[in-house]
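Chemist: Mind looking over this structure? Questions follow.
In the numbering used here, the protein residues as written are 1 to 41.
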């Protein structure tokens, strides 16, 4: 899968993003992707 330039992670609870896609997000960040989190509780 190609690395996106920007990514938006929308999650209902603070730890859901890390549990669900933390490894992918960490990899993208290390490759220069700009990542934004939106927490909707």
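Glycine is no exception: its CB is placed at the ideal position from the N, C-alpha and C atoms. The structure presented is a predicted model; accordingly, all values stated were derived computationally and were not measured.
Can you give me the Cβ contacts of residue 39 inside the same chain, cut-off strictly under 7 Å, excluding the 5 residues immediately before and after it?
Modeler: 11 and 14
Chemist: I'd like the list of long-range same chain contacts for residue 35, defined as Cβ closer than 7 Å, with 5 residues on each side in sequence excluded.
Modeler: 7, 9, 25, 28 and 29
Chemist: Have a look at residue 3 and residue 41 and give me their C-alpha separation to the nearest angstrom.
Modeler: 28 Å
Chemist: Looking at the structure shown, is residue 24 part of a helix, part of a strand, or coil, going by DSSP?
Modeler: helix
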